[in-house]
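Residue numbers (UniProt numbering), protein chains in the order written: chain A, 1 to 219; chain B, 1 to 219; chain C, 1 to 219; chain D, 1 to 219.
Beneath this line is the structure, given in structure tokens, with notes to follow.
There are 4 protein chains.
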Amino acid sequence: MIVKSETLTARGRRTRAALLEAGREAFEEQGYDAVRVDDVCARAGVSHGTFYTYFDSKESLFGEVAGAVVGEMFAASMVGPAAPDDPYARVEAANRLYLRAWAANSRLVRMLEHAATTDDRFGRLLLELREVFVRRGAEGLRRLQEQGLADRDLDPRLTAIMLGGMVEHFAHVWLDLGERADEAAAVDHLTRLWARAIGLTRASTPRPGGQNREERGEA
Amino acid sequence: MIVKSETLTARGRRTRAALLEAGREAFEEQGYDAVRVDDVCARAGVSHGTFYTYFDSKESLFGEVAGAVVGEMFAASMVGPAAPDDPYARVEAANRLYLRAWAANSRLVRMLEHAATTDDRFGRLLLELREVFVRRGAEGLRRLQEQGLADRDLDPRLTAIMLGGMVEHFAHVWLDLGERADEAAAVDHLTRLWARAIGLTRASTPRPGGQNREERGEA
Amino acid sequence: MIVKSETLTARGRRTRAALLEAGREAFEEQGYDAVRVDDVCARAGVSHGTFYTYFDSKESLFGEVAGAVVGEMFAASMVGPAAPDDPYARVEAANRLYLRAWAANSRLVRMLEHAATTDDRFGRLLLELREVFVRRGAEGLRRLQEQGLADRDLDPRLTAIMLGGMVEHFAHVWLDLGERADEAAAVDHLTRLWARAIGLTRASTPRPGGQNREERGEA
Amino acid sequence: MIVKSETLTARGRRTRAALLEAGREAFEEQGYDAVRVDDVCARAGVSHGTFYTYFDSKESLFGEVAGAVVGEMFAASMVGPAAPDDPYARVEAANRLYLRAWAANSRLVRMLEHAATTDDRFGRLLLELREVFVRRGAEGLRRLQEQGLADRDLDPRLTAIMLGGMVEHFAHVWLDLGERADEAAAVDHLTRLWARAIGLTRASTPRPGGQNREERGEA
DNA sequence: TATGAATGAGGCTTCATTCAT
DNA sequence: AATGAATGAAGCCTCATTCAT
Chain A
1 MIVKSETLTA RGRRTRAALL EAGREAFEEQ GYDAVRVDDV CARAGVSHGT
51 FYTYFDSKES LFGEVAGAVV GEMFAASMVG PAAPDDPYAR VEAANRLYLR
101 AWAANSRLVR MLEHAATTDD RFGRLLLELR EVFVRRGAEG LRRLQEQGLA
151 DRDLDPRLTA IMLGGMVEHF AHVWLDLGER ADEAAAVDHL TRLWARAIGL
201 TRASTPRPGG QNREERGEA
Chain B
1 MIVKSETLTA RGRRTRAALL EAGREAFEEQ GYDAVRVDDV CARAGVSHGT
51 FYTYFDSKES LFGEVAGAVV GEMFAASMVG PAAPDDPYAR VEAANRLYLR
101 AWAANSRLVR MLEHAATTDD RFGRLLLELR EVFVRRGAEG LRRLQEQGLA
151 DRDLDPRLTA IMLGGMVEHF AHVWLDLGER ADEAAAVDHL TRLWARAIGL
201 TRASTPRPGG QNREERGEA
Chain C
1 MIVKSETLTA RGRRTRAALL EAGREAFEEQ GYDAVRVDDV CARAGVSHGT
51 FYTYFDSKES LFGEVAGAVV GEMFAASMVG PAAPDDPYAR VEAANRLYLR
101 AWAANSRLVR MLEHAATTDD RFGRLLLELR EVFVRRGAEG LRRLQEQGLA
151 DRDLDPRLTA IMLGGMVEHF AHVWLDLGER ADEAAAVDHL TRLWARAIGL
201 TRASTPRPGG QNREERGEA
Chain D
1 MIVKSETLTA RGRRTRAALL EAGREAFEEQ GYDAVRVDDV CARAGVSHGT
51 FYTYFDSKES LFGEVAGAVV GEMFAASMVG PAAPDDPYAR VEAANRLYLR
101 AWAANSRLVR MLEHAATTDD RFGRLLLELR EVFVRRGAEG LRRLQEQGLA
151 DRDLDPRLTA IMLGGMVEHF AHVWLDLGER ADEAAAVDHL TRLWARAIGL
201 TRASTPRPGG QNREERGEA
């Protein structure tokens with residue numbers, strides 16, 4: 001009988017959390033395939049049988065880990081109330097968050113991508129995750145279009161998917177495949193590409209961030 | 001002792017080719033993990049033992065399959081001499097090819113991505129593959145910059161990585177994750193985003209394709 | 001320390017009884033192997049740990065359940081004071097009781113048979129159980145022989161084992177293996193076979209039951 | 001891929017047969033539950049993985065063993081052309097064969113009984129097995145009835161089930177549960193009970209077999 | 001008494017790879 | 001070259017039982 005957190009005593013909750021944490025670490029360090037249930041148990045300092053008190057299988061543990069990660073990424077994707085007024089700066093802030101959110105969990109997201117290959121449930125999780133970013137991007141674009149600050153001939157959703165994908169994919173190439181770049185330059189470039197792609201007109205104060213401030217300032 | 005094609009009799013070459021072909025099909029249909037050596041042999045109509053006459057291991061078979069796929073993608077990425085003169089049209093043609101090349105091998109590329117996780121050799125293969133597209137993109141951009149048709153403040157390589165990634169990633173989202181879109185619209189959007197992102201000035205005849213022809217025609 | 005009923009508080013007695021009852025149901029429904037201690041606890045509405053307050057092991061629980069069942073079967077096997085005078089009718093009544101007793105507990109008896117395979121203790125229990133019926137049968141036969149109502153050349157014990165086995169086995173075939181028959185016809189046939197086998201002479205009033213009344217009435 | 005005998009090379013057939021034989025021995029000696037796949041492999045002198053080349057699982061091995069046993073019992077149940085003319089002697093011969101067939105495989109039949117509890121497939125096998133004996137018995141009785149040698153008021157099938165069950169069950173009590181008896185006496189009693197139960201009239205020469213020849217000869 | 005978390009022995013099965021023929 | 005039998009490392013999972021609270 002597998003137990004969710006609600007039913008558990010404090011001790012049980014601790015054990016479950018330890019397994020979850022151990023699982024996350026193990027997956028991140030070793031990759032899904034290489035992780036044996038016993039590895040996780042050893043990390044968590046519990047016996048082997050205990051694992052199955054809390055989780056059905058390695059896959060089910062991964063499901064929870066992935067769920068947690070996705071939750072964190074949701075949270076991290078919020079620009080928040082402190083967002084700047086300037087549209088360009090907003091785009092930049094969003095891109096930075098996007099990049100960081102993806103970067104922070106790069107390995108697990110890749111595992112999720114792979115898991116999605118086999119198990120639809122993970123495919124759905126991945127879709128949900130992307131959808132959050134896509135929605136946010138599409139919303140932002142639509143607003144800019146309404147304000148006359150962005151090209152109206154772009155389909156908001158398709159555009160958000162494409163430009164969001166650009167950021168996401170760059171995170172992958174950068175962090176997983178070892179393409180050399182520094183964050184500032186990356187964010188700057190991504191933002192400029194993004195802004196120009198949608199025809200973002202700097203309505204008021206042109207406050208471009210990043211390192212090419214001057215150059216663009218001249219334009 | 002594993003034998004490559006050169007050393008083989010006609011019969012041997014046939015068997016080897018059959019295994020390779022069978023492997024490719026099997027990997028594409030079932031995914032790396034799910035494929036058993038026996039599956040491949042069965043498809044190729046060959047006994048288990050025979051497999052090891054031609055390949056060291058399942059992984060080595062995958063290596064060859066992946067190599068072949070990458071080769072095909074290289075070939076497919078050539079815009080060719082029939083490329084249009086108009087820069088925008090060239091970008092469009094390149095994007096179409098890019099998308100198709102990735103689409104045609106989506107599953108195997110994903111497998112390669114996963115394999116890269118474990119085995120550096122596949123990581124390198126993947127890098128090589130991307131590099132071809134990145135180089136091509138960077139070259140193109142540099143040329144446009146020199147001709148004064150694209151913004152000079154963009155780093156060609158970084159830009160190519162990012163915009164190329166946009167295309168590649170869209171292929172993935174589209175084909176593997178089931179985002180609905182039709183090719184024409186996708187290519188059109190990708191091209192517009194790409195063109196605007198690099199500030200592509202239509203030097204001569206603006207010949208934008210896609211669904212918003214008129215609007216842009218007015219400009 | 002395992003506790004028997006005598007030592008227990010009222011609450012303890014209730015818990016123990018609940019486990020016993022739950023165990024019996026579980027065994028009957030699922031079979032020995034398929035029953036997990038947890039199943040029994042769940043049925044009894046008790047936590048896992050509690051089980052071992054009252055029973056040494058799953059096997060020991062089964063032992064008690066089996067004991068209870070055997071006790072019931074003993075009780076059920078009594079023809080009682082209301083038994084008819086007519087020997088044939090007595091045989092018939094005994095057969096009906098025998099069949100019903102076995103039928104009522106068919107599944108548990110089978111489990112007992114299986115348990116006997118591994119554990120002698122259950123073998124002995126089974127022997128005791130059978131012995132009751134065998135003795136009763138042998139006694140009855142001996143009395144009939146003495147009264148000149150049954151063949152004297154039959155060994156009473158062997159005969160009782162064989163004819164008793166016929167009844168018992170028929171119960172098994174009928175109830176466990178799905179041979180179609182109705183109780184009345186079964187009892188009638190069993191009784192006729194039994195009676196003729198021992199050469200039962202209807203001393204006084206021939207009062208054969210069942211469906212062939214007339215035919216035999218003619219004799 | 002599991003292989004049946006037809007497809008195999010001589011070596012494969014030998015290995016398969018060895019596993020089958022080893023399985024049968026193991027089951028007989030240790031009982032189904034106690035047998036581990038590895039035990040069987042050790043007996044057969046093959047590795048552990050080899051087992052799964054030939055059988056799906058322990059259960060499937062048991063299925064084949066049981067099938068073989070049932071086949072042997074079918075064969076053993078034939079009275080054969082050497083059967084005596086005298087009906088009583090025929091019954092006696094049949095009972096002896098019946099008893100021996102059951103006795104020879106008592107342990108495995110018990111395992112089959114138990115397996116039938118869980119798996120219908122074994123239930124069906126058991127039914128088939130019994131059906132052979134039931135049919136034979138019913139046929140025999142019907143013939144005797146037609147010849148006027150046995151009571152016409154008995155349902156042949158029901159009677160065969162009951163009297164056959166008597167023999168079968170006695171074999172069980174005798175061999176598995178340790179009831180003391182010698183074969184000759186057992187066969188003699190079974191036959192007498194059977195014969196009388198069906199009202200077998202010795203048409204021609206009364207040639208009762210067994211040890212009580214003289215006593216009965218006097219009657 | 002009752003709880004329920006923790007334990008770990010015990011078995012099953014898969015499949016890449018080797019090897020004798 | 002081809003065959004296919006044999007191998008065994010490697011992991012997964014269940015569940016009766018113990019134990020601290």
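Backbone N, C-alpha and C fix where the C-beta goes; we use that ideal spot for every residue, glycine too.
What E168(B) touches in chain A, judged by beta-carbon distance under 8 Å, is H169, going in chain order. CA-CA distance, R157(C) to D38(C), rounds to 44 Å. Within the segment 173-200 of chain B, the residues whose Cβ lies closer than 9 Å to some Cβ of chain A are V173, W174, D176, L177, G178, E179, A181, A185, A186, H189, L190, R192, L193, W194, A195, R196, A197, I198, G199, listed in chain order. Those residues of the segment 137-170 of chain C placed with their C-beta closer than 8 Å to a C-beta in chain D are D151, D153, L154, D155, L158, T159, I161, M162, L163, G165, M166, E168, H169, F170, ordered along the chain.
The beta-carbon of L108(B) is placed no less than 8 Å from the nearest beta-carbon of chain A.
Considering only beta carbons, no part of the segment 40-66 of chain B lies closer than 8 Å to chain A. Under the 8 Å criterion on CB atoms, G23(A) is classed as non-interfacial with respect to chain B.
Per DSSP, reduced to three states, the secondary structure at Y32(B) is coil, with no helix or strand assignment. Just measuring C-alpha positions, the residue of S47(B), L193(B), A66(B), L177(B) sitting nearest E25(B) is A66(B). Listed along chain D, the residues sitting closer than 8 Å to L126(C) by beta-carbon distance are L177. Sequence-distant Cβ neighbours of S77(A) in its own chain, meaning closer than 8 Å and more than five residues away, are L97, Y98, A101, V132, F133, R136.
In the DSSP annotation of this structure, F55(D) is not part of any alpha helix (DSSP H), being labelled neither H nor E. Within chain C, no residue has its CB atom less than 8 Å from the CB of T15(D), the nearest being about 30 Å off.
Taken in chain order, the complete alpha helix (DSSP H) segments of 4 residues or longer contained in the segment 116-161 of chain A are 120-146.
Sorting Y54(B), N105(B), H169(B), A195(B) by C-alpha distance to the C-alpha of F74(B) places N105(B) at the top. For G123(A), the C-beta contacts it makes with chain B under 9 Å involve D176, L177, G178, in order along the chain.
Cβ-Cβ separation between L149(A) and L200(A): approximately 6 Å, consistent with a contact (criterion under 8 Å). With contacts defined by Cβ atoms closer than 8 Å, V46(B) and T191(B) do not form a contacting pair.
The beta-carbon of T7(C) is placed no less than 8 Å from the nearest beta-carbon of chain D. In this structure, the straight-line span from the alpha carbon of L112(A) to that of L61(D) is close to 40 Å. If you draw a straight line from the Cα of L177(D) to the Cα of G123(C), it is about 7 Å long. Going by DSSP, E92(A) is part of the alpha helix (DSSP H) stretching over 87-104.
It is roughly 16 Å from the alpha-carbon of L175(B) to the alpha-carbon of M166(A). Among the residues facing chain A, G31(B) is included, as its CB has a counterpart in that chain under 8 Å away. One Cα belongs to A103(B), the other to R110(B), and the distance between them is close to 11 Å.
In this structure, the straight-line span from the alpha carbon of V70(A) to that of A22(B) is close to 37 Å. Taking a contact as a CB-CB distance under 8 Å, the pair L19(C) and F51(C) counts as one, their CB atoms being some 6 Å apart. Beta-carbon to beta-carbon, V173(B) and N95(B) are separated by about 15 Å, too far to satisfy the 8 Å threshold. In chain order, W102 place their CB closer than 6 Å to the CB of E168(A), counting only its own chain and leaving out the 5 sequence neighbours on each side. Residues of the same chain with a CB within less than 6 Å of the CB of L126(A), apart from the 5 flanking positions on each side, are L112, A116 in chain order.
Taking the Cβ atoms as the reference, I198(B) lies roughly 19 Å from E179(A), outside the contact range of under 8 Å. One thing to note: R121(A) has its Cβ no nearer than 8 Å to the Cβ of G31(A).
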